[in-house]
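Structure, as structure tokens:
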Amino acid sequence: MKTVNSQVKSTHTTMDEACQMMSQTKIDSSDLFSSDSDSSSSDSNSVSISSLTPMGKEEARVYGHHMKLLARSDGQQELGDAATTPIFTMPVLEHVKTHTAKGSETPFAQYGLLGGQANGFPAMADSKALDPKKELDPRVFFNITSPSSTFICGSQGSGKSHTLSCLLENSLFPSPANQLRHPLTGLVFHYDTFISDDGGSPCEAAFLSSSKGVKVRVLCAPTNIATIKKAYHQFKNVTIEPLRINQSDLNTKRMLDLMAVNQANGPVPLYVHTIYRILRVMRLKQQETGGTFDYVLFKKHVDAAGLSFNQLRPLQQRLDTLESFMPQGQTIAPPSKAKGKSGPTTGNDWTPKAGTLTIVDLSCPCVTPEGACALFNICLSIFLEKSTSVGRVIALDEAHKYMNASSETSTLTETLLATIRLQRHLGARIIISTQEPTISPALLDLSSVTIVHRFTSPEWLKALEGHLAGAASKLLRTDDNEDGGQQISIATKVFGEIVKLRVGEALLFSPSAIIAVDNGARKTGTDGLKRLGAGFLKIRIRSRLTTDGGKSVMAT
1 MKTVNSQVKS
11 THTTMDEACQ
21 MMSQTKIDSS
31 DLFSSDSDSS
41 SSDSNSVSIS
51 SLTPMGKEEA
61 RVYGHHMKLL
71 ARSDGQQELG
81 DAATTPIFTM
91 PVLEHVKTHT
101 AKGSETPFAQ
111 YGLLGGQANG
121 FPAMADSKAL
131 DPKKELDPRV
141 FFNITSPSST
151 FICGSQGSGK
161 SHTLSCLLEN
171 SLFPSPANQL
181 RHPLTGLVFH
191 YDTFISDDGG
201 SPCEAAFLSS
211 SKGVKVRVLC
221 APTNIATIKK
231 AYHQFKNVTI
241 EPLRINQSDL
251 NTKRMLDLMA
261 VNQANGPVPL
271 YVHTIYRILR
281 VMRLKQQETG
291 GTFDYVLFKK
301 HVDAAGLSFN
311 QLRPLQQRLD
321 TLESFMPQGQ
331 TIAPPSKAKG
341 KSGPTTGNDW
351 TPKAGTLTIV
361 DLSCPCVTPE
371 GACALFNICL
381 SIFLEKSTSV
391 GRVIALDEAH
401 KYMNASSETS
411 TLTETLLATI
421 RLQRHLGARI
431 IISTQEPTIS
441 PALLDLSSVT
451 IVHRFTSPEW
461 LKALEGHLAG
471 AASKLLRTDD
481 NEDGGQQISI
491 ATKVFGEIVK
501 LRVGEALLFS
511 PSAIIAVDNG
521 ARKTGTDGLK
531 RLGAGFLKIR
541 IRSRLTTDGG
551 KSVMAT
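Just so we're aligned, residue 1 is where the sequence shown starts under full-length UniProt numbering, counting upward by one.
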């Protein structure tokens, strides 16, 4: 017992010695997260530690190591925050360049001009006469280096497609408007219900082909390729191909997504359980052999499953849609030599290439909005699974035309949400352009940037209020009306700003955007970068570098 007590006493003694040494080092709690305290206290630590017992020295060593792990350099923290911000201004860019160590790569390695603060140049008649050192620099930049998600909404003709095209210009080819050493590869989804045999309206992103720095390819429905060629005949640098999905690009998940069954809408149909079983058996075989998905074998299993006519009918409708976008040689059994060729046997090449834009235009009378969503979902999955050596930008143009309340839309939305959540790992930048902000509240919630062009619908404002930090937080505040002293919601004032926006102007919401530098804050040891937070910026989108194809057709 005496031996045990002496050991306990010795332990308490060493702990007391360690605590006494820690107090002698005079580490203030205010210096806990400051790296400056390490050098100043190192000398006193060495003197105190030498007088401790071995156990006391170990406690002191662990304590010192933990303090180094907790220490933070304000400058490094600022640069780390700046690297991931989606939006920044010119003062922030200059501040980051100044504080970046020599030989290190600046966090803003790639960026492009998005526009300028509307109140920053009210009388800018001659831009050459302005001195950037004397005048307020209004420029607002979009960070291309960091993956992000952008939501663009507004009424027809307010400038949505123009903004989308400017973001694509910044991402796909070097120009005077950006800093782009490594161009991205782009994918745009387009679907237009106004289509006829005489032609239709091309996707506005195709006008980027007027620049020699970007290659544009259009993938269309095989049932509408002649009409699509007419619609895009004005573009000399655009190649048009029918959309053909290789069976090797199909897998278990994509086949299940094609079923588009939402359990929230009720019990899953019986035939879906049969499809699950077939796909599970085929996947086990693929894991053993290392092969790819065999569509012909899948159809054989379905035929042998003994499903009734009523069970096969909904399944066959989905498979017919898929087969119309597959090479014919992969949907039927290999023919004998006597019967000749069976048609195309290969699909489209999805290898990512820098400076290329692929437009999937499924405008066709034979393709429903639900079918378009199902095919867009497959194309998106194929595009994302390729190598991440090239950065990617994905855009949904006029999303309100095909994203409705269908189960196919829900499946596409879930894929988009998963992509946004993993955008840092996938190297993806997501841009959604739509008239109606009500298409998916979940997409609004996860968007890092929301650009609101002019609209006049109060219902759209209600949709934004619950999902934008700038709009939602201001509902809790009221201001006095100078005339009658009535309390008017700030949201009403925000709506007034939106209604008065001109073409090309927008309100920008982005809580993580860095818009200013507070040099005085650095003197007190606090963060000197000022974020937009719950506020918003009124901006004017820059002019396009490529041909503007979104001009309204006026009567003459």
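Built from N, CA and C at the ideal position, the CB exists for glycine as well.
Legend entry - With 16 other Cβ atoms within 10 Å as the buried cut-off, status of residue 156: With fewer than 16 other Cβ atoms within 10 Å, it is exposed.
For the beta strand (DSSP E) holding residue 328, just list the boundary residues, first then last. Run containing residue 328: none; DSSP gives neither H nor E here.
For a test of the three-state rule: what should DSSP assign to residue 252, helix, strand or coil?
Helix.
### Message
I'd like to confirm the pairing. Which residues does DSSP put opposite residue 498 in its beta bridges?
### Response
The partner list for residue 498 (beta bridge, DSSP) is empty, contrary to what the question assumes.
Q) In the structure shown, what three-state DSSP assignment does residue 557 receive? A) In this structure the chain extends from 1 to 556, so residue 557 is not present and cannot be described.
| For residue 309, does the three-state DSSP call read helix, strand or coil? | Here residue 309 sits in helix by DSSP.
| message | Can you tell me where the alpha helix (DSSP H) holding residue 300 begins and where it ends? | response | Here the alpha helix (DSSP H) through residue 300 covers 295-303.
**OP:** Return the residue from the list 176, 161 and 199 that minimises the CA-CA distance to residue 206.
**Re:** The residue with the shortest Cα to Cα distance from residue 206 is 161.
- Evaluate the contact criterion for the region 267-287 versus the region 435-448: three or more CB pairs, one atom per stretch, below 8 Å. Flag = no, the region 267-287 and the region 435-448 do not touch.
Checklist entry - Which full runs of the alpha helix (DSSP H) of 4+ residues lie inside the region 177-235, going along the chain? => result You should have 225-231.
Item to check | Under 9 Å between C-beta atoms of residue 200 and residue 228 | outcome: Yes, these two residues count as a Cβ contact at 9 Å.
query = Where residue 294 and residue 348 are concerned, what is the direct C-alpha to C-alpha distance, given to the nearest angstrom?
reply = Roughly 17 Å between the two C-alpha positions.
Margin query: Within the continuous alpha helix (DSSP H) that includes residue 97, where are the two ends?
Written below: From DSSP, the alpha helix (DSSP H) with residue 97 extends over 90-99.
Could you tell me if residue 273 is buried or exposed, where buried requires 16 or more neighbouring beta carbons within 10 angstroms of its beta carbon? It is exposed - the Cβ of residue 273 has fewer than 16 other Cβ atoms within 10 Å.
Once you ignore the five residues that flank residue 356 on each side, which residues in its own chain have a CB closer than 6 Å to its CB?
Contacts found: 185 and 215.
Nearest to residue 449 by CA position, among 223, 422 and 511, is which residue?
It is 511.
**Asked** Can you name the residues that DSSP bridges to residue 509?
**Response** DSSP, once it has assigned bridges, lists 450 as partnering residue 509.
State the CB to CB distance for the pair residue 192 and residue 401, rounded to an integer number of angstroms; the pair is presumed to be in contact (CB under 8 Å). About 7 Å; that satisfies the 8 Å criterion.
| said: Here's the rule: buried if 16 or more other CB atoms are within 10 angstroms of the residue's CB, otherwise exposed. What is residue 319? | reply: Classification of residue 319: buried, given that the 10 Å Cβ count is 16 or more.
Which term fits residue 291, buried or exposed, when burial requires 16 or more other beta carbons within 10 angstroms of its beta carbon?
When all chains shown are included, residue 291 counts as exposed.
Using the rule of at least 16 other Cβ atoms within 10 Å of the residue's Cβ for burial, across every protein chain shown, is residue 359 buried or exposed? Residue environment: residue 359 is assigned as buried (16 or more neighbouring CB atoms within 10 Å of its CB, all protein chains considered).
Proximity of residue 114 and residue 180 at Cβ, strictly below 9 Å:
Cβ atoms of residue 114 and residue 180: not closer than 9 Å.
- request: In the DSSP assignment, find the beta strand (DSSP E) that holds residue 242 and state where it starts and stops.
  value: That run of the beta strand (DSSP E) goes 238-242.
Alpha-carbon to alpha-carbon, residue 64 and residue 118: Between residue 118 and residue 64, the C-alpha separation is close to 51 Å.
Closest residue to residue 326 among 89, 158, 230 and 246 (Cα-Cα distance)
Looking at the Cα atoms, 246 is the closest of the given residues.
Practice problem: Compare the beta carbon distance of residue 432 and residue 399 with 9 Å and say whether it is the shorter of the two. | Solution: In this structure, residue 432 lies near residue 399, with their beta-carbon atoms less than 9 Å apart.
| Okay, do the region 411-428 and the region 135-144 touch, 3+ Cβ pairs below 8 Å being the bar? | As far as the Cβ criterion goes, the region 411-428 does not touch the region 135-144, which means the pair count is below three.
*Using DSSP with H/G/I as helix, E/B as strand and the rest coil, what is residue 379?*
Here residue 379 carries a helix assignment [DSSP, helix/strand/coil].
_Is the beta carbon of residue 454 closer than 9 Å to that of residue 500?_
Yes.
Own chain partners of residue 183 with C-beta closer than 6 Å, once the 5 adjacent residues on each side are dropped: The residues are 172, 173, 354 and 355.
Find out if the Cβ-Cβ distance for the pair residue 557, residue 541 is shorter than 9 Å. Residue 557 falls outside the range modelled here, since the chain spans only 1 to 556, and no answer is possible.
Item to check | Beta-carbon gap between residue 394 and residue 218 smaller than 9 Å | outcome: The answer is no: Cβ separation not under 9 Å.
Distance, Cα to Cα, residue 82 vs residue 532? Cα atoms of residue 82 and residue 532: separation of roughly 13 Å, rounded to the nearest angstrom.
Q. Measuring CB to CB, does residue 517 end up less than 9 Å from residue 138?
A. The answer is no: Cβ separation not under 9 Å.
Quick one: Cα of residue 504 to Cα of residue 243, how far? So the two alpha carbons sit approximately 34 Å from each other.
Handout entry: According to DSSP, residues forming a beta bridge with residue 565
Key = Since the first residue shown for the chain is 1 and the last is 556, residue 565 is missing from the structure and cannot be characterised.
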